[in-house]
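Peer 1:
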Amino acid sequence: MIGINIQSPFAELLINLDKCVETRTYPLPQKYEGEELALIETPGKNGKFKARIIGTITFSHSFKYDNVGEWISDYNRHRVEQDSDFGWKENKDKYGWVVSQIYKFEEPFPAPENKGIVFTNNCNATVPTGV
Numbered sequence: 022m023i024g025i026n027i028q029s030p031f032a033e034l035l036i037n038l039d040k041c042v043e044t045r046t047y048p049l050p051q052k053y054e055g056e057e058l059a060l061i062e063t064p065g066k067n068g069k070f071k072a073r074i075i076g077t078i079t080f081s082h083s084f085k086y087d088n089v090g091e092w093i094s095d096y097n098r099h100r101v102e103q104d105s106d107f108g109w110k111e112n113k114d115k116y117g118w119v120v121s122q123i124y125k126f127e128e129p130f131p132a133p134e135n136k137g138i139v140f141t142n143n144c145n146a147t148v149p150t151g152v
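Residues in the sequence shown are numbered consecutively from 22, following this note's numbering.
1) Kindly indicate the opening and closing residues of the alpha helix (DSSP H) around F31.
2) Go to N97, then tell me how far its alpha helix (DSSP H) extends in each direction, as first and last residue.
3) Does the beta carbon of V120 come closer than 8 angstroms to any beta carbon on chain B?
4) Answer with buried or exposed for V152, where buried requires no fewer than 16 other C-beta atoms within 10 angstroms of its C-beta.
5) Using a Cβ-Cβ cutoff of less than 8 angstroms, which residues in the same chain neighbour R73 once the five nearest sequence positions on both sides are dropped?
6) In terms of alpha-carbon separation, which member of T79, S94, F70 and I75 lies closest to E43?
7) Quick one: is I93 buried, meaning 16 or more other Cβ sit within 10 Å of its Cβ, or exposed?
8) Please report the distance separating the alpha-carbon of E145 from that of G108.
9) State buried or exposed for F31, treating a residue as buried only when at least 16 other CB atoms are found within 10 Å of its CB.
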């Protein structure tokens, strides 16, 4: 399974259904639309833990925010504070990746040691049968 790296606290917001749009500066690659991905929570600058797989996530599609007004009005879905490193920047495109499904593992488990910048190959993560 392919995994996607998402920093804390955004990974936790996603897995707990408090966030339903992941934001990036590029659209969701089409090959990942509708594909179940391992959700790898990474510690970011302030985290005190090693990257871990906390569940799976599926994105249905992505869309582009055309202006800061759209970005601000969609805060309740993306949950990114404007003054954060991931807030709106006039000189950068901003896309929303729409979450269609989340599965939270009862216990996280370690992510592969060799993680990609965004997507990671060979994540040994599967949803139990019948879920």
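Think of the CB as a built atom: it goes at the ideal place given N, C-alpha and C, for glycine as much as any other residue.
Peer 2: Considering the structure as presented:
1) F31 to I36
2) Y96 to H99
3) In the displayed structure, chain B is absent; only one protein chain is listed.
4) Confidence is the limiting factor: at V152 the pLDDT is only 46, short of 50, which leaves the residue's position unreliable, though a coordinate-based value still follows. Burial call: exposed.
5) I61, E62, P129, F130, P131 and A132
6) T79
7) exposed
8) Checking the displayed sequence, the identity of residue 145 turns out to be Asn instead of Glu. Approximately 32 angstroms, taken between the alpha carbons.
9) buried
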